[in-house]
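In my numbering, the protein residues as written are 5 to 230. Don't be surprised by glycine CBs; every beta carbon is placed ideally from N, CA and C. Notes to accompany the following structure.
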Amino acid sequence: MTGRSLDDLTWTELDTAPDRLLLVPVGSTEQHGPHLPLSTDTDIAVAIAQRLAEVRDDVVVAPPVPYGSSGEHAGFAGTLSIGQEALEHLLVELIRSASASFRGVVLVCGHGGNAEPLLRVQSRMRDECHHVLAFMPSWEGDAHAGRPETAMMLALRPEAVRREAAVVGNREPLADLLPALRSDGVRSVSPSGVLGDPTGADAAEGEALLAAAADQLAAAVGTWQP
């Protein structure tokens, strides 16, 4: 079952393959500047999860959760946010259900705004004796829709990247922007929605970032071992 996606399998195929881990990519549907698709966070989370499934035969990748806590991107057309409380509730019920078929659930986070609710879900589910790991990949560089995410999307879906529309956004350090982001959202500090400079990104860099994130996930799961 190496590299398999849950939605490609039958129940009988799963029933004869014990000790499985379920990876749930958790992304968002939100603006990523004028050059990247709204699915960027979800696409990256799925790609990282799939890379682990390709090298471990006990891993199955669930259909992604494409909505998250994206209130900071309100005001940009197309952003769909369900907020932290709804995301937590969805994942809690999903994990309770998945625990009947899988020995553990790994939440692969593709959107920084989902980190807090995912960590609360991890804590709550462990208190209920479910085996859950919340994983957040990390990479250096621009905070949003900048060079790292653009590079990864060029590696994953180059046809979806509007390179001619890429613009330099606000390049101030994220720590300096956080007060305004929390109070007034991304649009208050970047009319384009970009935090960083995506213009120099390339696919090779993106492939390296994805490989590093997949290695981080493999290490985290290997250490955790429910």
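Task: Residues of its chain near Ser77, where Cβ-Cβ distance is below 6 angstroms and the 5 sequence neighbours each way are ignored - done: Against the sequence shown, residue 77 aligns to sequence position 73. Residue identity check: residue 77 is His in the sequence provided, not Ser. Excluding residues within five positions, the ones whose Cβ falls inside 6 angstroms are Glu34, Gln35, Thr83 and Val190.
Task: Candidates Glu153, Ala102 and Val112: closest to His134 by CA position - done: Numbered from 1 along the sequence shown, position 130 holds the residue referred to as residue 134. The option with the nearest alpha carbon to His134 is Ala102.
Open item on the list: Please report the straight-line C-alpha distance between Leu122 and Arg8, rounded to a whole angstrom.
Closed with: Here residue 122 refers to the residue found at position 118 when the sequence shown is read from its first residue. Here residue 8 refers to the residue found at position 4 when the sequence shown is read from its first residue. Their Cα atoms are separated by approximately 24 angstroms.
Open item on the list: Classify Gly114: buried if its beta carbon has 16 or more other beta carbons within 10 angstroms, exposed otherwise.
Closed with: For this step, residue 114 is matched to residue 110 along the sequence shown. Buried is the call here.
Task: Span separating the alpha-carbon of Ser43 from that of Val198 - done: The sequence position of residue 43 within the sequence shown is 39, counting from 1. The sequence position of residue 198 within the sequence shown is 194, counting from 1. One C-alpha to the other measures close to 15 angstroms.
Task: Candidates Tyr71, Arg186 and Ser196: closest to Val172 by CA position - done: Residue 172 sits at position 168 when you count from the first residue of the sequence shown. For Val172, the nearest C-alpha among the options comes from Ser196.
TODO: Examine the Cβ distances between the region 178 to 188 and the region 12 to 27 and report whether three or more of them are shorter than 8 angstroms.
DONE: Counting Cβ pairs under 8 angstroms, fewer than three are found: no touch.
Task: Which listed residue (Pro41, Arg124, Ala218 and Pro38) has its alpha carbon closest to that of Ala90 - done: What you label residue 90 is simply residue 86 of the sequence shown in a count that begins at 1. Relative to the Cα of Ala90, the nearest Cα in the group Pro41, Arg124, Ala218 and Pro38 belongs to Arg124.
- [ ] Leaving out five residues on either side along the sequence, give the residues of the same chain with a beta carbon under 6 angstroms from the beta carbon of Val69.
- [x] Here residue 69 is taken as the residue at index 65 of the sequence shown, counted from 1. Excluding positions up to five away in sequence, the list reads Val30.
Open item on the list: Suppose contacts are defined by Cβ-Cβ distances below 8 angstroms. Is Val112 in contact with Ala212 by that definition?
Closed with: Counting from one through the sequence shown, the residue named residue 112 turns up at place 108. Counting from one through the sequence shown, the residue named residue 212 turns up at place 208. Contact check for Val112 against Ala212 fails: the beta carbons are separated by 8 angstroms or more.
Task: Beta-carbon gap between Ala147 and Gly200 smaller than 8 angstroms - done: What you label residue 147 is simply residue 143 of the sequence shown in a count that begins at 1. What you label residue 200 is simply residue 196 of the sequence shown in a count that begins at 1. Remark: C-beta atoms of Ala147 and Gly200 approach each other more closely than 8 angstroms.
Open item on the list: Buried or exposed, going by whether 16 or more other CB atoms sit within 10 Å of the CB of Thr20?
Closed with: By 1-based counting over the sequence shown, the position of residue 20 is 16. Within a 10 Å sphere around the beta-carbon of Thr20 sit fewer than 16 other beta-carbons, which makes this residue exposed.
Task: Span separating the alpha-carbon of Glu168 from that of Asp219 - done: The sequence position of residue 168 within the sequence shown is 164, counting from 1. The sequence position of residue 219 within the sequence shown is 215, counting from 1. Rounded to the nearest angstrom, the two C-alpha atoms are 32 angstroms apart.
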